[in-house]
Amino acid sequence: TSAPCIRAWASLPKATAHRQATTLLQEGYLRRPPGGRLVAGPRLVALAQSIDRKQIAAAAAAPVLHRLARKLHCVAQLGTLENDMVTYRIKTGHGAGDLFTRVGFQLEAYCTGIGKVLLANLAGADRDAYLAAGPFPALTRNTITDPAALRSELEQIRTQGYACDNEEIVEGLICFAAPIRIAEQEVVAAISASKLVEANRRTADDIVISALMAAVREIEDAIQYTKSA
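Its first residue numbered 729, the sequence shown is counted upward by one per residue in the numbering used here.
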């Protein structure tokens, strides 16, 4: 535990600290072994491991995304799912400064390529809960707002292995995204290639998808190497 955290707990009134500790015990973030001293519980351990996995994925992806952006003359990004929102962790490439996203920025998941990939790879119960939690406001005329239609879209994404944001969050912006998996095929992040649509200058979809999936394989290989080193 960090020193600032310890000082914060030490400054709490005893009754308040006891109530908070009791709540954390009940929720599984803390546990009390036979010795009686509070230690990290299973939910806190799982949360810490999840954060580490996302950091590992981002570190492995950074150089690959730089190369992908140069190859496709696009903006390449990596995002993770936090409380049903996409958090952008990497952004690089041609026109990156013109795209409205930024590192640390959060967006709704249902209308973005990265978000749809991450939703598609949630456990079934978690995906059902998300779809039941709407509404899903239209941001452009292409935004998928109907839960049934969004469910169908997510099933297709899960099957084909990538997603397309077809001007669903901003008109004129096309984005392809694919998942990053680590041990036991767990999806911890997704990467994307985005570009503004320009008449007669759009890169063919199959070229973008092929380059994107090659980047995914390179990132996943780097993650495996990092874990085994």
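Here a beta-carbon is modelled for each residue, glycine too, at the ideal position from N, C-alpha and C.
Quick caveat, the model's predicted, so the values are computed rather than measured.
I need the straight-line Cα distance from residue i to residue j, nearest angstrom please.
i, j, result
"Ala866", "Asp933", "24 Å"
"Ala927", "Ile818", "Confidence at Ala927 is low in this model, with a pLDDT of 45, below 50, so its placement is unreliable and the value that follows should be read with caution. Near 28 Å, if we compare the C-alpha coordinates of Ile818 and Ala927."
"Thr873", "Asp854", "19 Å"
"Thr820", "Asp780", "22 Å"
"Glu946", "Leu882", "24 Å"
"Thr871", "Leu835", "14 Å"
"Ala790", "Tyr816", "12 Å"
"Glu895", "Asp949", "31 Å"
"Gly852", "Gly756", "22 Å"
"Ala788", "Phe904", "20 Å"
"Ile902", "Val936", "11 Å"
"Trp737", "Gly889", "Because the pLDDT at Trp737 is just 46, under 50, the model does not fix this residue reliably, and the value given afterwards should be weighed accordingly. Their backbone Cα atoms lie some 45 Å apart in a straight line."
"Val944", "Thr808", "15 Å"
"Ser880", "Leu758", "39 Å"
"Thr840", "Gln913", "22 Å"
"Ala939", "Leu859", "31 Å"
"Arg760", "Gly862", "38 Å"
"Thr750", "Glu899", "49 Å"
"Pro875", "Ala911", "31 Å"
"Val915", "Phe833", "20 Å"
"Thr829", "Arg798", "19 Å"
"Gln884", "Val831", "28 Å"
From the DSSP secondary-structure annotation, give me the bridge partner or partners of residue i.
i, result
"Asp893", "Cys903"
"Met813", "Glu810 and Glu836"
"Thr820", "Ala804"
"Lys923", "Ile902"
"Val915", "Arg909"
Looking at C-alpha atoms only, which residue of the options is the closest neighbour of residue i?
i, options, result
"Leu924", "Tyr890, Val831, Val803 and Arg760", "Val803"
"His822", "Ile935, Gly852, Thr840 and Leu796", "Leu796"
"Glu810", "Ala787, Leu827, Lys782 and Asp893", "Lys782"
"Cys892", "Val845, Ala917 and Gly862", "Val845"
"Thr868", "Arg798, Ile897, Val916 and Ala861", "Ile897"
"Pro907", "Thr751, Thr750 and Val814", "Val814"
Would you mind giving the Cβ-Cβ distance between residue i and residue j, rounded to the nearest angstrom? I have them listed as a contact below 8 Å.
i, j, result
"Leu753", "Thr931", "In fact, because the Cβ distance is near 54 Å, the residues do not count as touching under 8 Å."
"Ile951", "Ile784", "6 Å"
"Ala837", "Asp856", "The Cβ separation is near 15 Å, so there is no contact."
"Ser922", "Gln805", "7 Å"
"Phe864", "Leu850", "16 Å between Cβ atoms; not a contact."
"Arg909", "Ala848", "Not quite, the Cβ-Cβ distance comes to about 13 Å (not below 8 Å), so this is no contact."
"Ala786", "Ala917", "7 Å"
"Leu793", "Ile919", "6 Å"
Quick check: is the beta carbon of residue i nearer than 8 Å to any beta carbon in chain D?
i, result
"Ala939", "In the structure shown, chain D cannot be found, because there is only a single protein chain."
Mind listing, in chain order, the continuous beta strand (DSSP E) runs of no fewer than 3 residues lying wholly within the region 831-878?
Runs found: 834-836.
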